[in-house]
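>
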Amino acid sequence: MRMAYLILAHDNRAQLDLLIERLLGPGGEDFAVIHADRASPLWPELRASLPEAAGRVHLVADPVAVRWGHSSLVEAIAKLVREAVRLGSEGAHLISGADWPVTPREAIAQTMREGLCHIEVRPGHMEERMQTFRLDTRWLRLDPARDRRAYAATWELRRLARWVDAARNRLGLPRSRPYGLWAYGSGWWSLPADVLAMLDKEMPRLLTSGRLRGTVCSDEHVVPTLVAHAFPERIAAHRRYVDFPAGASSPRMLTAADLPAIASSGAWFARKVDVTHEPDFLTLPDFHPAPMAHPASMRGKLPVSGQA
Numbered sequence: 009m010r011m012a013y014l015i016l017a018h019d020n021r022a023q024l025d026l027l028i029e030r031l032l033g034p035g036g037e038d039f040a041v042i043h044a045d046r047a048s049p050l051w052p053e054l055r056a057s058l059p060e061a062a063g064r065v066h067l068v069a070d071p072v073a074v075r076w077g078h079s080s081l082v083e084a085i086a087k088l089v090r091e092a093v094r095l096g097s098e099g100a101h102l103i104s105g106a107d108w109p110v111t112p113r114e115a116i117a118q119t120m121r122e123g124l125c126h127i128e129v130r131p132g133h134m135e136e137r138m139q140t141f142r143l144d145t146r147w148l149r150l151d152p153a154r155d156r157r158a159y160a161a162t163w164e165l166r167r168l169a170r171w172v173d174a175a176r177n178r179l180g181l182p183r184s185r186p187y188g189l190w191a192y193g194s195g196w197w198s199l200p201a202d203v204l205a206m207l208d209k210e211m212p213r214l215l216t217s218g219r220l221r222g223t224v225c226s227d228e229h230v231v232p233t234l235v236a237h238a239f240p241e242r243i244a245a246h247r248r249y250v251d252f253p254a255g256a257s258s259p260r261m262l263t264a265a266d267l268p269a270i271a272s273s274g275a276w277f278a279r280k281v282d283v284t285h286e287p288d289f290l291t292l293p294d295f296h297p298a299p300m301a302h303p304a305s306m307r308g309k310l311p312v313s314g315q316a
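Per the working numbering: the sequence shown = residues 9 to 316.
1) Please go through the same chain and pick out, in chain order, the residues whose beta-carbon is closer than 7 Å to the beta-carbon of residue 239, but skip the five residues on each side of it.
2) Taking all protein chains shown into account, decide if residue 209 is buried (16 or more other Cβ within 10 angstroms of its Cβ) or exposed.
3) Since residue 44 contacts residue 104 with CB under 8 Å, what's their CB separation in whole angstroms?
4) Could you work out which residue in 182, 27, 190, 197 is closest to residue 245 when comparing CA atoms only?
5) Which term fits residue 171, buried or exposed, when burial requires 16 or more other beta carbons within 10 angstroms of its beta carbon?
6) What does the alpha-carbon distance come out to for the pair residue 225 and residue 46?
7) At the level of alpha carbons, what is the spacing between residue 9 and residue 39?
8) For the alpha helix (DSSP H) containing residue 273, list its first residue and its last residue.
9) Let me know the secondary structure DSSP gives residue 59 once reduced to three states.
10) At a cut of 8 Å, does the segment 272-284 reach the segment 18-33 through at least three beta carbon pairs?
11) Which whole-angstrom value is the C-beta distance of residue 80 and residue 72, which I expect to be below 8 Å?
12) Using a Cβ-Cβ cutoff of less than 6 Å, which residues in the same chain neighbour residue 161 once the five nearest sequence positions on both sides are dropped?
13) Check each candidate in 178, 211, 200, 57 and name the one with the smallest Cα separation from residue 242.
14) Examine the Cβ distances between the segment 180-195 and the segment 132-140 and report whether three or more of them are shorter than 8 Å.
15) Just the C-alpha distance for residue 32 and residue 278, rounded to the nearest angstrom, thanks.
16) Quick check on residue 28: does DSSP put it in helix, strand or coil?
17) At 4 residues or longer, and completely inside the segment 93-154: list those alpha helix (DSSP H) runs for me, N to C.
18) Could you have a look at residue 198 and say whether DSSP puts it in helix, strand or coil?
19) Mapping the DSSP letters down to three states, classify residue 82 as helix, strand or coil.
20) For the ligand PLP, is there a heavy atom less than 7 Å away from the beta-carbon of residue 219?
21) Could you name the residues of the same chain whose beta carbon sits closer than 7 Å to that of residue 207, not counting the 5 residues immediately before and after it, in chain order?
22) For residue 128, which residues from the same chain have a beta carbon less than 7 Å from its beta carbon, with the 5 sequence-adjacent residues on both sides left out?
23) Between residue 290 and residue 110, how many whole angstroms is the CB-CB distance? I'm expecting something under 8 Å.
24) Kindly indicate which residue of 96, 77, 102 has the alpha-carbon position closest to the one of residue 86.
25) Who pairs with residue 43 in a beta bridge, going by DSSP?
26) Starting from residue 66, trace the beta strand (DSSP E) in both directions and tell me its first and last residue.
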């Protein structure tokens with residue numbers, strides 16, 4: 009089975025190189041596609057030099073500048089999906105540059121051959137993100153200490169948006185649900201080829217329609233909703249190990265202490281991981297049947313702690 013690893017990345021080139029080496033290994037047909045945030049220093053760095061993997065690493069040539077919570081992330085994912093379809097993958101995994109595979113590759117491929125959609129789908133959860141219209145979606149992560157005036161202005165924009173939404177609802181004109189009730193999912197998934205082909209058709213259409221304007225974290229709703237609409241009978245466990253602290257908007261960085269829980273979880277990928285500071289993740293079972301470099305041989309590639 010020819011699998012594609014679709015990677016959203018914006019920093020930590022050392023980690024990305026190790027991840028690519030782990031995913032692709034020697035030989036094989038699998039490939040990786042990287043979307044490097046256009047606004048990040050990683051983008052020009054990767055344009056100059058891709059990770060070495062015998063032509064099996066591809067870079068999205070026209071990336072977008074990604075803003076947290078903004079539909080630009082949906083656009084980035086759509087570009088990755090398009091490349092996976094164009095290059096002929098039989099299944100793809102959407103991961104970040106801070107993910108790490110925690111199950112051997114052949115075990116993943118064997119399950120992927122069943123054609124199921126390994127994705128989190130929670131119909132109706134936080135649907136207000138998609139049904140209200142926010143006017144401040146370009147400035148969702150302002151620091152109130154540094155951007156006091158702009159932060160105050162965004163609250164006024166939110167107040168105006170609430171008034172517009174209330175008026176629309178009174179007139180019986182709620183925002184559309186083109187695929188039925190919006191679903192929620194963590195955003196990281198593993199999908200077979202026919203589902204990728206559906207996404208490659210529907211995601212650009214949704215982006216072009218303008219329906220995602222004013223939404224918040226639409227990347228956590230678009231793909232789960234499309235999959236639930238088109239393939240409801242094929243939804244399966246999403247196979248990701250992620251730990252969100254209470255009240256946090258981002259998962260915490262995993263450590264060696266998490267390895268037993270990860271091993272017993274049945275997950276295929278874990279995030280967030282930084283093997284340049286937690287090399288114990290390199291001791292996980294080999295991702296490929298063929299021998300990989302022993303963790304001890306990687307030490308020269310790992311920066312000394314505190315020297316990222």
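The beta carbon of each residue, even a glycine, is placed where N, CA and C say it ideally should be.
Let's see:
1) 125, 203
2) exposed
3) So it is not a contact: roughly 12 Å between Cβ atoms.
4) 197
5) exposed
6) 19 Å
7) 11 Å
8) Note, residue 273: premise wrong, no alpha helix (DSSP H); not H, not E.
9) coil
10) yes
11) 5 Å
12) none
13) 200
14) yes
15) 17 Å
16) helix
17) 113-120, 136-139
18) strand
19) helix
20) Judged by which ligands are present, the structure shown has none, so any question about the ligand PLP falls away.
21) 89, 231, 234
22) 193, 194, 232, 246
23) 12 Å between Cβ atoms; not a contact.
24) 102
25) 16
26) 65-67
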